[in-house]
Structure formats: C-alpha cells, structure tokens
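Here the structure is laid out as structure tokens; the discussion comes afterwards.
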Amino acid sequence: MKKTILEMLRSAGGKFVSGEGIAEKLDVSRTAIWKHIQSLRKRGYKISSSERLGYKLDDTPDLMLPEIVQYGLRTKIIGADSRIVYKNSVESTNELAKKLAYDGAADGTIVISEEQTGGKGRLARNFFSPKEKGLWFSVILRPQCLPKDAPKFTLMAAVAVAQAMEKFNLRAGIKWPNDILFDGKKLVGILTEMSAEIGHVNYIVIGIGINVNVRREEFPADIREIATSLSEMAGENLNRVEFFRAVLEELDKLYIENNFDEVFKIWRKYNITLGEKVTVLSAESGEIFTGLAVDIDAEGALIVDSGGEKKIVYAGDVSIRPAK
1 MKKTILEMLR
11 SAGGKFVSGE
21 GIAEKLDVSR
31 TAIWKHIQSL
41 RKRGYKISSS
51 ERLGYKLDDT
61 PDLMLPEIVQ
71 YGLRTKIIGA
81 DSRIVYKNSV
91 ESTNELAKKL
101 AYDGAADGTI
111 VISEEQTGGK
121 GRLARNFFSP
131 KEKGLWFSVI
141 LRPQCLPKDA
151 PKFTLMAAVA
161 VAQAMEKFNL
171 RAGIKWPNDI
181 LFDGKKLVGI
191 LTEMSAEIGH
201 VNYIVIGIGI
211 NVNVRREEFP
221 ADIREIATSL
231 SEMAGENLNR
241 VEFFRAVLEE
251 LDKLYIENNF
261 DEVFKIWRKY
271 NITLGEKVTV
281 LSAESGEIFT
291 GLAVDIDAEG
301 ALIVDSGGEK
311 KIVYAGDVSI
321 RPAK
C-alpha cells in the first residue's frame with residue numbers, strides 16, 4: 001500500500017493530494033493513510049500535510065530503498081519486479097547474495113546495503129564500505145554457460161560501470177580484470193564468485209563496490225593515496241540512486257544481449273593494462289613474473305608476453321609497472 005501511496009504522490013508533480021481521495025481509492029480509512037504516511041516519513045521521505053489540502057511529496061531520501069530505485073528503472077531482468085533486497089547494514093552483500101542464490105533467488109536479484117561491516121575484495125582483501133557514501137551491492141546471475149565462461153561476467157560488470165560513468169560525463173580506465181581507476185586511484189572494485197558443477201553453472205554472484213560520495217579525508221589512511229571517488233572526480237556529490245539506476249540498466253542490457261565479443265571490444269576501449277609492462281602474481285600457482293600485457297583471450301584471461309613466453313593469467317593480481 002505504501003508503494004501505491006508513493007506513486008500517487010509522485011504523479012501529483014509536487015502538488016497536494018487529498019487524503020480522502022487516497023483513502024477512497026485504496027478503500028481504507030483516512031487514519032490508515034495517515035499511518036502509512038508516518039511510516040514513509042520514518043523511512044526518510046519528506047511529506048508535507050495540510051488538513052484542507054492533504055499530502056504533498058517534497059523530497060525522497062538518497063537511500064537505496066527498492067521503491068525508490070525501481071521508480072523509473074528500465075530493466076527487464078537486473079533488479080526488475082521485486083528483485084531488490086535492501087539492507088541498512090550487512091557484513092557482506094556477497095555473502096548474503098550467495099545464501100539467497102542457494103535458496104533459489106531469481107536471476108537478476110540484487111542485494112544492496114547502505115554499508116558493509118565486513119566487505120570483501122579480491123584476494124581476500126577488506127573493502128571499505130562506509131554508510132550511505134557509495135554503492136555496495138551484489139547481483140545474482142543464472143546464465144546458461146559453462147564454468148570456464150564465468151570470468152567473462154566480471155569484465156561485463158566492469159564495462160557496465162564504465163559506461164554508466166560516461167552518462168555522467170566521467171571517464172575512467174579499467175585495469176585487468178575489473179578494477180576501475182581514475183588518475184591511478186581506485187574507484188570501483190568487483191568480486192565475482194560462482195557455484196558450479198561439471199558443465200553447469202548454478203549461479204554467479206558479482207559483488208560491486210563503487211566509491212560515490214566518499215571524501216578524500218574519509219578514506220582510511222592506508223588507502224587514502226590509492227583510492228578515490230566519483231564525487232572527488234566530478235568535483236561535486238552525485239545522486240546515488242540515479243547513478244545506481246544507470247549501472248543496473250547498462251548491466252541489464254549487456255546481460256540480455258549476451259554478446260561477449262562486443263563486451264570485450266568495449267572493455268579494450270576502456271582498458272589501461274594492454275600494451276603496458278606488468279607484474280603478475282598468479283592466484284593459481286603463486287608465481288610472480290613480469291612482462292608485456294598483450295591482449296585478453298576468448299575467456300577474458302590476460303595474455304602476457306614474459307621474456308618471449310606467452311603466459312595466460314586467469315586470476316591474480318596485476319600491477320602496471322611505471323615507466324623508467
């Protein structure tokens with residue numbers, strides 16, 4: 001019922017809506033409407049009231065509440081219908097998403113939280129996720145593909161975020177496979193986890209952390225020189241809800257099209273790794289080696305020319321070596 005009341009207030013375009021009219025349409029008492037209005041106010045909505053005129057929506061909170069995110073969201077799978085699970089605080093959106101996926105959550109379900117108290121990055125690193133300062137979310141996907149194809153979805157997520165940034169006149173680079181950087185500092189981290197059997201993927205969970213409105217002084221001292229945010233990049237705060245919708249719409253489009261040749265083509269356009277000398281810590285063998293990042297293969301793995309030997313990096317930590 002609260003969702004219907006919100007839709008009526010929004011459609012009024014900033015004008016008052018009669019409380020009696022709302023009650024009649026919903027076939028409830030005016031007292032019931034008042035209680036729902038109070039509930040909406042507690043969730044952060046600014047609603048004016050007048051005994052003579054009724055209720056007027058003045059402002060919506062910059063929170064990732066499903067009814068806010070989905071208002072005007074143009075997606076068919078990602079976050080569509082009732083596929084948004086909202087939390088004010090959670091230890092890790094990926095951990096909750098994996099539990100929901102195991103229990104049968106639908107393809108395209110999103111877990112979004114205002115903060116993470118134990119956010120995870122790649123290679124078991126912690127991920128700084130301050131309350132109401134960024135976008136900390138995980139997407140559950142159920143693609144019909146082989147387990148070897150799962151890494152492709154990591155690159156797809158990076159491309160979706162980079163293209164969403166373009167809509168806000170922000171251009172950054174993607175460091176293989178999925179870190180998004182600006183001026184050498186990290187804006188976005190992506191962690192992909194999978195449940196699979198031989199020849200079949202049960203589900204893929206893609207965790208995405210985006211520093212949206214984090215000020216430089218708010219970053220912990222140990223990452224202050226290597227991390228940045230969209231607001232620092234833009235010189236002003238961004239509307240988190242609007243940016244979140246843009247990311248979901250880009251991701252939805254890429255997921256539905258299922259054209260990884262095109263995804264890789266776009267990834268190459270944004271990448272800052274290919275053609276550079278890199279140092280690689282292989283997650284598979286633990287080997288550390290250097291070489292020239294040449295390209296990515298059909299699975300999205302990085303191809304490195306190390307002293308004339310072609311090495312394929314499926315997972316690991318890649319750093320770009322500064323020019324001497």
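Numbering follows this note's numbering, in which position 216 of the sequence shown is assigned residue number 216; successive positions increment by one, without gaps.
Backbone N, C-alpha and C define an ideal beta-carbon position, used for all residues, glycine too.
Residues that DSSP places opposite residue i in a beta bridge
i	result
Ile282	First, the residue type needs correcting, since residue 282 is Ser and not Ile in the sequence shown. Gly316.
Met1	Its beta-bridge partners do not exist; DSSP assigns none.
Glu193	Val205
Gln116	Val90
Leu302	Ile296, Val313
Ala36	Per the sequence shown, residue 36 should be read as His rather than Ala. None, per the DSSP bridge assignment.
Val111	Val85, Ser138
Gly13	Per DSSP, none; premise fails for Gly13.
Gly275	Note: Gly275 sits in no beta bridge, so no partner.
Cβ-based burial, residue i [other Cβ within 10 Å; buried from 16]
i	result
Glu114	buried
Glu309	exposed
Ala105	buried
Asp261	exposed
Thr117	exposed
Arg224	exposed
Ala298	exposed
Gln38	exposed
Ser82	exposed
Gly307	exposed
Leu123	For Leu123, the predicted model reports a pLDDT of 49, less than 50, meaning its position is unreliable; a value from the coordinates is still stated below. It counts as exposed.
Met1	exposed
Three-state secondary structure (DSSP) of residue i
i	result
Trp136	strand
Thr290	strand
Tyr212	Tyr is not the amino acid found at residue 212; the sequence shown has Val there. In this structure, Val212 counts as coil in the three-state DSSP scheme.
Val85	strand
Ala227	strand
Leu53	coil
Gly131	The question names Gly, yet the displayed sequence has Lys at residue 131. Three-state result, Lys131: coil.
Val161	helix
Leu123	Its pLDDT being 49, under 50, Leu123 is placed unreliably by the model, and the measurement read from it follows with that caveat. Residue state, collapsed to three classes: helix.
Gly72	coil
Gly19	helix
Leu238	coil
Leu141	strand
Leu181	strand
Val247	helix
Val263	helix
Leu187	strand
Asp62	coil
Gly308	coil
Ile78	coil
Residue nearest to residue i in terms of C-alpha spacing, selected from the options
i	options	result
Gly291	Asp297, Ser282, Glu276, Glu284	Glu276
Ile68	Leu40, Met165, Met156, Leu274	Leu40
Phe168	Leu100, Arg215, Leu230	Leu230
Ile208	Ile140, Lys269, Val214, Asp183	Ile140
Thr109	Val214, Leu187, Asp252	Asp252
Lys56	Glu250, Glu24, Trp34, Arg74	Trp34
Ala246	Lys265, Ile78, Thr31, Gly21	Ile78
Leu191	Val280, Glu166, Ala157, His200	Ala157
Val278	Val294, Lys265, Leu146, Ala196	Val294
Asp58	Tyr71, Arg10, Arg268, Ala97	Arg10
Nearest-angstrom beta carbon gap, residue j and residue i [assumed within contact, 8 Å]
i	j	result
Ala221	Asn211	Incorrect: roughly 16 Å between the Cβ atoms, too far for contact.
Ser285	Val313	Rounded, the Cβ-Cβ distance is 10 Å, inconsistent with contact.
Tyr45	Met64	14 Å between Cβ atoms; not a contact.
Ser138	Val111	5 Å
Ile272	Leu181	7 Å
Leu155	Gly300	5 Å
Cβ of residue i within 9 Å of any chain C Cβ
i	result
Met8	Protein chains in the displayed structure number just one, and chain C is not present.
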